[in-house]
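Undergrad: This structure is in structure tokens; I'll ask about it shortly.
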Amino acid sequence: MRRKDAITDLPEKSIEMRPRRIRKEDTRMSKYDELAKTLKAKLAELIDRAEIIEDDLRHPLDADSEEQAVDLADDEALAGVDDVLRKEIADTRNALGRIENGTYGTCANCGAEISENRLEALPTATLCINCA
Ligand SMILES: [Zn+2]
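Written out as structure tokens, the structure is:
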């Protein structure tokens, strides 16, 4: 009896069930979670491509003259692609940065929300349809 009383008197395990109060922010974050993942994967792929192109550009041309003519043409084409790539990389990094600091989806010019349709079509858009 006495022993049982002693056990009953022990304070209940006071596990505090803290309600998670960050739920709203969680939801907001996860809205662009998938997109951030997609953009990160895209960024890695773009950087890979850029590195391959830069490697090609860095390698000196073959001494063989016939090869040289072909390589030169290729390099010129690659240099053009590189600019596009560089812009894509910058835009993608920019979009990821905006997801992180919470300004993603907001027009950089007028501050209006950029429509989801527009963001879907152009995930790196920084301007709303009216300002673009
Ligand atoms: Zn705008």
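Numbering-wise (the working numbering), the sequence shown opens with residue 1132 and increments by one. For glycine and all other residues, C-beta sits at the position ideal for the given N, C-alpha and C.
With which residues is Thr1237 paired in a DSSP beta bridge?
TA: BP columns for Thr1237 point to Glu1244.
Undergrad: Going by alpha carbons, who is nearest to Met1218 out of Gly1233, Leu1177 and Lys1168?
TA: Correcting the residue type first, residue 1218 is Lys in the shown sequence and not Met. Of the candidates Gly1233, Leu1177 and Lys1168, the one whose C-alpha sits nearest the C-alpha of Lys1218 is Leu1177.
Undergrad: Helix, strand or coil for Leu1258? Go by DSSP, reduced to three states.
TA: In the structure shown, Leu1258 sits in coil (DSSP, three-state: anything other than H, G, I, E or B).
Undergrad: If you draw a straight line from the C-alpha of Arg1249 to the C-alpha of Ala1181, how long is it?
TA: If I take the Cα positions, the gap works out to 27 angstroms.
Undergrad: Once the 5 residues before and after Asn1240 are set aside, which same chain residues still bring their CB inside 6 angstroms of it?
TA: Same-chain partners within the cutoff: Leu1258 and Cys1262.
Undergrad: For Ala1092, tell me which candidate among Arg1189, Leu1188, Gly1228 and Asp1214 has the shortest Cα-Cα distance.
TA: Given that the chain is displayed from residue 1132 to residue 1263, the structure contains no residue 1092 and the question cannot be resolved.
Undergrad: Check each candidate in Lys1162, Leu1253 and Asp1187 and name the one with the smallest Cα separation from Thr1223.
TA: When each option's Cα is compared against that of Thr1223, the closest is Leu1253.
Undergrad: Just checking Asn1261 against ligand 1 - is the residue's beta carbon closer than 7 angstroms to any of the ligand's heavy atoms?
TA: Yes, the beta carbon of Asn1261 sits closer than 7 angstroms to at least one heavy atom of ligand 1.
Undergrad: Reducing DSSP to helix, strand and coil, say where Ala1226 ends up.
TA: Of the three classes helix, strand and coil, the one that applies to Ala1226 here is helix, per DSSP.
Undergrad: Can you tell me which of the three DSSP states Leu1253 falls into?
TA: Coil at Leu1253, not helix or strand.
Undergrad: Just checking my contact of Asn1232 with Thr1255 at CB under 8 angstroms: how many whole Å lie between their CB atoms?
TA: Contact flag wrong, Cβ pair sits at about 15 angstroms.
Undergrad: In this structure, does DSSP put Ala1172 in helix, strand or coil?
TA: It is helical.
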